[in-house]
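Residue numbers (this note's numbering): 64 to 325.
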């Protein structure tokens, strides 16, 4: 059971550790910077000079608090944008890479279904998803102790737990691109560019007559600033993201089962 998930999951361990280490460094940098940038400066007044679209895009609110600072600098940028694009890009090679390199015919010659291959390959992205969301909050908590700051443990856990549906949608977008395009490089560019485009769609249409278009973007349903600054946990939004993940997986499965890879 789950042979492919275990195999491809093990292959992701090294990259997952490297990615998590990178975010650990980023956490340390932001926490170390906070006392310096907040000292003697009214960051909240400074924020008001930013364009509304920029404040909306990166959740810039209450920068004068450690919660608002981390929400804007680490989570709105690191999780919503960078990790979202990373998971879309990484998942875009799940199928397309084997097709591109001519390995998929051999894989499907085994007594396994296409659905099993597809879904267990997708399951392998849970390795980096789990690692970065388990390690980072611990690092954040320890780093804050070094500057005599604290943050609600419940909100910190929530901002990571609620990021899981968001990142799963990003990976599902990548998977759909992976089954549609045979060249891995094309699938990766389409997935990363498409996910970034959805992020921009939500940002530029906010507070306009076209704000309804932003409902197509996953970023509309995951707001780390609301979680950390206002303790508002959007469980309904998480449900929407999980439902979108299922829809994208079913669409990918349906397309993959009918696709000719000869």
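All residues carry an ideal CB built from backbone N, CA and C; glycine is no exception. All values derive from a computational prediction rather than experimental measurement.
Per DSSP, reduced to three states, the secondary structure at residue 282 is helical. Excluding sequence positions up to five before and after residue 89, its CB lies within less than 8 Å of the CB of 137 and 141, all in the same chain and listed in chain order. Distance from the CA of residue 254 to the CA of residue 244, rounded to the nearest whole angstrom, comes to 10 Å.
Residue 179 sits in a helix when the DSSP states are folded into three classes. Non-local C-beta neighbours of residue 250 in its own chain, meaning closer than 6 Å and more than five positions away in sequence, comprise 155, 159, 240, 241 and 244, ordered along the chain. Apart from the 5 residues on each side of it in sequence, residue 194 sits with its Cβ closer than 6 Å to the Cβ of 79 and 83 in its chain, given in chain order. Collapsing the DSSP output to three states places residue 155 in coil. Burial check for residue 266: the Cβ neighbour count within 10 Å reaches 16 or more, so the residue is buried.
Per the C-alpha coordinates, the member of 86, 299 and 319 positioned closest to residue 192 is 86.
Judged by DSSP in its simplified three-state form, residue 290 adopts helix. Straight across, the Cα-Cα distance linking residue 196 with residue 132 is about 19 Å. A distance below 7 Å between beta-carbons, with the five flanking residues on each side excluded, links residue 165 to no residue of its chain. Non-local C-beta neighbours of residue 320 in its own chain, meaning closer than 8 Å and more than five positions away in sequence, comprise 177 and 178, ordered along the chain.
For residue 189, the closest of 228, 212 and 209 by C-alpha to C-alpha distance is 228. Look at the beta carbons and you see the segment 231-238 touching the segment 311-319: at least three pairs across the two are nearer than 8 Å.
The residues 187 and 190, in chain order, have a CB closer than 6 Å to that of residue 72 in the same chain once the five nearest residues on each side in sequence are set aside.
Under the DSSP assignment, residue 266 falls in the alpha helix (DSSP H) whose first and last residues are 247-268.
Looking only at 290, 96, 146 and 151, the smallest Cα-Cα distance to residue 252 is reached by 151.
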